[in-house]
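For the sequence shown, position 98 (counting from the first letter as 1) is numbered 98 according to UniProt numbering, and the numbering increases by one without interruption. Beta carbons are placed, not taken as given, at the ideal position from N, Cα and C, and that holds for glycine. Just below is one structure, and these are the notes that go with it.
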Amino acid sequence: MICLKSRREIGMMRHAASKLKLVFQELLKKVQVGLTTYDLDEIAVKLIHKQGAEATFKGYRGYPASICTSLNCEVVHGIPSKKRKLIDGDLLSVDIGLTDEGYIADAARTVMVGRKNEDILKLIEVTKKSLFIAMSVMRPGKRVGDIGAAVQKHVESNGFSVIRDFVGHGVGRALHEDPQVPNYGKEGRGAKLEVGMVIAIEPMVAAGSWEVEMLENKWTVVTRDRKMAAHYEDTIAITEEETENLTGPQEFNGLD
Ligand code: MF3
Ligand code: CO
Numbered sequence: 001m002i003c004l005k006s007r008r009e010i011g012m013m014r015h016a017a018s019k020l021k022l023v024f025q026e027l028l029k030k031v032q033v034g035l036t037t038y039d040l041d042e043i044a045v046k047l048i049h050k051q052g053a054e055a056t057f058k059g060y061r062g063y064p065a066s067i068c069t070s071l072n073c074e075v076v077h078g079i080p081s082k083k084r085k086l087i088d089g090d091l092l093s094v095d096i097g098l099t100d101e102g103y104i105a106d107a108a109r110t111v112m113v114g115r116k117n118e119d120i121l122k123l124i125e126v127t128k129k130s131l132f133i134a135m136s137v138m139r140p141g142k143r144v145g146d147i148g149a150a151v152q153k154h155v156e157s158n159g160f161s162v163i164r165d166f167v168g169h170g171v172g173r174a175l176h177e178d179p180q181v182p183n184y185g186k187e188g189r190g191a192k193l194e195v196g197m198v199i200a201i202e203p204m205v206a207a208g209s210w211e212v213e214m215l216e217n218k219w220t221v222v223t224r225d226r227k228m229a230a231h232y233e234d235t236i237a238i239t240e241e242e243t244e245n246l247t248g249p250q251e252f253n254g255l256d
């Protein structure tokens, strides 16, 4: 069942999202070689609490940390660890859910740690841009399949592949609401988009094959071929007037 949000509820979600934006701004400034992914978790929790909000992921279905930090071939749900220091050349995806007054904002960013590499920057840029292209098709009357088709087209035309086993989702008072939103698909298929829908669009893009497997910790998803993967996510609201990116910029603005 798709839960449509009122104008007031979207206002609440915009407020939660503005807090999450601040958290990302501060956290990403701190990313540097030598910090552990556990340090990032701790910094994020402090920033979230400073905003008077909660870390949504903590304890969600038994998830053991507050944020996800996925490195290199890890696609999503990398668990922060005291044993894993960031090293030069790491590809780091950070995924954060923030709950504020019962409403959730969900977003992810992927960055390079230390030295930059052109090929990896391209992977990040294509992933990010696919999210904005997807957002541009999200109007009332369009369908969930239009979103997936838009992501898939941009990703595959750049020689990368779209992860099939994990999807975007409705978001609101619950982290995962209907509809499920695959990052691949066919135009004109699936549920109709309507005013009041709030959807977390989250392209997960692999440099090699889209096939994945689960690590022994039962959370962390890695590419089977162990090639790099990137992840971008924003919480996006369809209102009468516009399609609003609550957790990020309204348009693709390159890699900042
Ligand atoms: N953004 C991810 C998602 O929507 C992160 C969930 S992590 C979990 O699925 F721990 F909360 F499951
Ligand atoms: Co999500």
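**OP:** Tell me, to the nearest whole angstrom, how far the beta carbon of S66 is from that of F57; I am working on the premise that it is less than 8 Å.
**Re:** Their Cβ separation, rounded to whole angstroms, is 6 Å, which keeps S66 and F57 in contact under 8 Å.
Original post:
Quick one, which of I120, A134, A200, G188 has its alpha-carbon nearest K227's?
Top reply: Checked all of I120, A134, A200, G188; the closest Cα to K227 is I120.
**OP:** Along the alpha helix (DSSP H) that carries Q152, what are the first and last residues, could you check?
**Re:** Where Q152 is concerned, the enclosing alpha helix (DSSP H) stretches over 144-157.
Original post:
Where does K227 fall in DSSP's three states?
Top reply: In this structure, K227 counts as coil in the three-state DSSP scheme.
**OP:** Taking only runs that begin and end inside the region 116-146, name each unbroken alpha helix (DSSP H) of 4 or more residues, in chain order.
**Re:** Taking only runs of at least 4 residues, the alpha helix (DSSP H) segments lying wholly in the region 116-146 are 118-137.
Original post:
Is I199 closer than 8 Å to V221 when the C-beta atoms are compared?
Top reply: Taking C-beta atoms as the reference points, V221 and I199 fail to come closer than 8 Å.
Subject >> Endpoints, the alpha helix (DSSP H) within which G170 is located >> reply: For G170, there is no enclosing alpha helix (DSSP H); the enclosing beta strand (DSSP E) covers residues 168-170.
Original post:
Just how far apart, CA to CA, sit Q152 and M135?
Top reply: Rounded to whole angstroms, the separation of the alpha carbons of M135 and Q152 is 13 Å.
Original post:
Less than 7 Å between the CB of A134 and some heavy atom of ligand 2, yes or no?
Top reply: Checking every heavy atom of ligand 2 against the Cβ of A134, none is found closer than 7 Å.
Subject >> Spatially closest choice to I238 from W219, H176, M197, by CA coordinates >> reply: Taking only the C-alpha atoms, the option nearest I238 is M197.
Original post:
Between A200 and ligand 2, is the CB less than 7 Å from at least one heavy atom?
Top reply: Within the cutoff, so yes.
Subject >> Given P203 as reference, the closest of Y60, V113, I163, R224 once Cα atoms are compared >> reply: A check of alpha carbon separations from P203 across Y60, V113, I163, R224 identifies I163 as the nearest.
Subject >> Rounded distance between the beta-carbons of L123 and A207, thought under 8 Å >> reply: About 5 Å separates the two Cβ atoms, so the contact holds.
**OP:** Flag G172 as yes when its Cβ comes closer than 7 Å to any non-hydrogen atom of ligand 1, and as no otherwise.
**Re:** Answer for G172: no, Cβ out of range of ligand 1.
Original post:
So what does DSSP say about L28, is it helix, strand or coil?
Top reply: In this structure, L28 counts as helix in the three-state DSSP scheme.
Original post:
With distances taken from CA atoms, which of I2, L20, V33, K21 is nearest K116?
Top reply: Considering only alpha carbons, the answer is V33.
Subject >> Cβ-Cβ distance between R130 and W210 below 8 Å >> reply: The amino acid occupying residue 130 in the given sequence is Ser; Arg does not appear at that position. No. Outside cutoff.
Subject >> Closer than 7 Å: E233 CB and nearest ligand 2 heavy atom >> reply: In this structure, E233 has its CB closer than 7 Å to one or more heavy atoms of ligand 2.
Original post:
Is G97 near ligand 1, going by C-beta to nearest heavy atom under 7 Å?
Top reply: G97: yes, Cβ under 7 Å from ligand 1.
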